[in-house]
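See below for the structure under consideration.
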Amino acid sequence: MKFYIIAGERSGDLHAANLIHEIKKLDPNSEFRGMGGDYAAGEGVEISVHYKEMALMGFVEVVLGFRKVLKYLALIKKDLLDYKPDALILVDFGGFNMKIAKFAKANDIPVHYYIPPKVWAWNQKRALKLKAYTDQIYTILPFEKEFFRKFAMEVHYVGNPLLDEIRKFKPHDFFHQKNQLNYQPIIALLPGSRKQEVKNMLSTMVGVIPKFPNAQFVIAGVRNLDQQIYQEALNLGVKIVFDQTYDLLHHATAAIVTSGTATLETALFRVPQVVVYKTSGISYAIAKRLIKVPYISLVNLIAEKEVVKELIQGDMNVDRVSSELNAILASIPRKAEILDGYTSVMERIGESNASEVTARLILKL
3 MKFYIIAGER SGDLHAANLI HEIKKLDPNS EFRGMGGDYA AGEGVEISVH
53 YKEMALMGFV EVVLGFRKVL KYLALIKKDL LDYKPDALIL VDFGGFNMKI
103 AKFAKANDIP VHYYIPPKVW AWNQKRALKL KAYTDQIYTI LPFEKEFFRK
153 FAMEVHYVGN PLLDEIRKFK PHDFFHQKNQ LNYQPIIALL PGSRKQEVKN
203 MLSTMVGVIP KFPNAQFVIA GVRNLDQQIY QEALNLGVKI VFDQTYDLLH
253 HATAAIVTSG TATLETALFR VPQVVVYKTS GISYAIAKRL IKVPYISLVN
303 LIAEKEVVKE LIQGDMNVDR VSSELNAILA SIPRKAEILD GYTSVMERIG
353 ESNASEVTAR LILKL
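Next comes the structure, spelled out in C-alpha cells:
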C-alpha cells in the first residue's frame with residue numbers, strides 16, 4: 003500500500019516514525035511519502051517538505067507566517083494528488099492538517115487522523131469538521147473518546163505513544179561523566195523544543211538558579227534549534243545537555259517544564275514538576291478568551307484535577323516559580339501528593355502500545 007503522511011513538528015515526526023515502523027512490520031511492501039523530519043526520513047519516508055521549513059507557533063506568529071503556510075499547503079496538495087496514495091495519515095499539527103484533510107476528502111482519498119487536533123480545548127464545534135473530513139480517528143488521551151461521543155463520533159483510543167518511547171529508553175551508564183555533571187541533586191529545565199518557546203521561557207527558568215545553591219540545574223537542549231538561543235544560559239555557566247531529555251529526567255530530582263508533551267513525559271518518569279508557560283501578550287489574550295479547559299498541562303487534564311502547579315503568563319516569574327520548586331524539594335507531603343497524582347495518570351492512560359495498535363487498525367480499516 004502507498005501512504006502519504008504529514009507530521010509538522012518534532013514530536014509528531016517521532017510518533018509518525020514509530021507508526022511507520024509498525025506498519026512496515028505488518029506490511030513490508032508499504033511505501034511512504036510526505037511531510038516530516040529526520041525521524042520519518044529514517045524510516046524510509048520520501049520527504050516532500052521538512053517540517054522545519056514552516057515551524058510556527060502562537061496566534062500572532064501563525065498570522066504573520068500565513069503566506070508561508072499557504073505556499074506549503076499548495077505544494078502538499080499538488081504532491082498528494084501526484085502521488086495517488088491509498089490513504090492519507092495525518093499526525094497532530096491540527097491547523098495545517100485539517101485543511102489537508104478537507105482537501106483529501108474532496109478528492110476521495112481516505113483520511114486517517116492519528117493524534118487529532120485538541121478540539122476539546124477551544125471552539126469545540128470544530129469536532130464536526132473533523133467528523134466530516136476524516137474516515138478514522140486515533141486518539142492518545144483517554145478523555146477524548148468520551149468527548150467525541152458528544153458529537154456522535156466513535157474514535158479509537160490507542161494508548162499514548164510516549165509510553166512506547168519510554169519503554170525503549172535505556173539510561174546512559176555514565177550520564178554524569180559524559181556531560182561533566184557533579185553529583186548534587188539535578189533540577190531539570192525543559193524550556194521547549196520550539197524557538198519561540200525557548201525564547202519565552204529560558205530567562206525566567208535560569209533566573210531561579212541562584213535561589214538553590216545546593217542543586218545543579220541542567221537544561222534539556224534541542225540540537226536542531228539555533229544554539230544562540232541558549233546563549234543567556236551558557237553565559238551563566240548553566241549546563242545544557244542536547245537531545246538527552248530522557249536521561250536527564252531519569253536522574254532529575256525535580257523539574258521546571260514548559261507546558262506541552264514534556265509535562266506528561268516528566269510525569270511518566272515520576273519527576274515532581276512545576277509547569278510554566280508564557281507567550282506574547284496578544285496571543286495570551288486571544289487564548290484566554292478561546293480556551294475552555296481548566297488546565298493547560300496534560301498531567302492535570304488527564305487526572306482531571308490539579309496534580310502539578312501551573313504558572314502561566316504573569317504568574318511565571320522568578321519568585322513564584324522558586325516558591326513552587328522549593329515546596330516540591332522541601333515538603334515530603336507535597337512530593338508524595340504529586341507522585342500519587344502521577345499514579346492516577348498512569349492508570350488512566352493504560353499500557354497499550356499505541357504505534358502498534360494504530361498500525362493494525364489503519365491496515366485493517
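Residues 3 to 367 (our numbering) are what the sequence shown spells out, left to right. Ideal Cβ positions, reconstructed from N, Cα and C, are used throughout, including at glycine.
Rounded separation between residue i and residue j - CA only
i: K26; j: V243; result: 33 Å
i: V359; j: K147; result: 16 Å
i: A103; j: V93; result: 11 Å
i: L72; j: N328; result: 46 Å
i: L367; j: A361; result: 10 Å
i: E11; j: P119; result: 14 Å
i: Q138; j: Y115; result: 6 Å
i: T247; j: L227; result: 15 Å
i: V113; j: T263; result: 24 Å
i: A129; j: Y185; result: 49 Å
i: I142; j: I117; result: 6 Å
i: K290; j: N181; result: 40 Å
i: D84; j: A106; result: 12 Å
i: M155; j: L363; result: 17 Å
i: V200; j: V51; result: 24 Å
i: I188; j: G239; result: 15 Å
i: M348; j: M318; result: 27 Å
i: K70; j: Y232; result: 26 Å
i: V276; j: Y41; result: 29 Å
i: M100; j: Q229; result: 32 Å
i: S285; j: M37; result: 27 Å
i: S346; j: Y297; result: 16 Å
i: F216; j: L341; result: Here residue 216 is Asn; the residue named in the question, Phe, does not match the sequence. So the alpha carbons of these two residues sit roughly 23 Å apart.
i: S13; j: L21; result: 12 Å
i: E167; j: R151; result: 29 Å
i: S333; j: F214; result: 15 Å
i: H158; j: I49; result: 28 Å
Anticipated Cβ contact below 8 Å, residue i with residue j, distance rounded
i: W122; j: I293; result: W122 to I293, Cβ: 10 Å. No contact.
i: V323; j: V210; result: 5 Å
i: Y6; j: L82; result: 5 Å
i: A9; j: F145; result: 23 Å between Cβ atoms; not a contact.
Segment limits, beta strand (DSSP E) that includes residue i
i: I189; result: 188-192
i: Y116; result: 113-116
i: S357; result: S357 -> not in any beta strand (DSSP E); alpha helix (DSSP H) instead, spanning 356-366.
i: V301; result: It is not in any beta strand (DSSP E) - V301 instead sits in the alpha helix (DSSP H) that spans 300-305.
i: I221; result: 218-223
i: H1; result: A question about residue 1 goes unanswered here, because the residues of the chain that appear run from 3 up to 367.
i: R35; result: 33-38
i: E312; result: 311-314
Start-to-end residues for the alpha helix (DSSP H) that takes in residue i
i: M203; result: 197-209
i: S325; result: 320-332
i: R151; result: 146-151
i: F177; result: 177-180
i: A19; result: 12-28
Distance CB(residue i)-CB(residue j) smaller than 7 Å
i: A254; j: P274; result: no
i: I372; j: A235; result: Look at the range of the chain in this structure, 3 to 367, and you will see that residue 372 is not part of it.
i: L300; j: T260; result: no
i: V309; j: G343; result: yes
i: L365; j: L28; result: yes
Reference residue i; option with closest CA among the options
i: A108; options: G97, T136, D15; result: T136
i: S32; options: A43, V47, T265, E349; result: V47
i: F153; options: L266, L132, G262; result: L132
i: F68; options: F98, K86, I91; result: F98
i: G161; options: S357, R151, D321; result: S357
i: E45; options: D29, G352, H52, A18; result: A18
i: E339; options: G316, E199, K311; result: K311
i: A287; options: Q233, H252, I314, V301; result: I314
i: H252; options: D342, F145, P173, L83; result: P173
i: R272; options: M318, P212, L165, A332; result: L165
i: V278; options: P193, A269, K307; result: P193
i: P30; options: P335, K4, K70, F145; result: K4
i: I351; options: I334, N302, E308; result: N302
i: D175; options: T268, L250, L75, S282; result: L250
i: K280; options: K127, H23, L183, S205; result: S205
i: A190; options: K170, T268, K127; result: T268
i: F177; options: S333, D245, R35; result: D245
i: F219; options: L75, N237, L183; result: L183
The ligand ADP heavy atom lying under 6 Å from the CB of residue i
i: K241; result: The ligand ADP is absent from the structure shown, which contains no ligand whatsoever.
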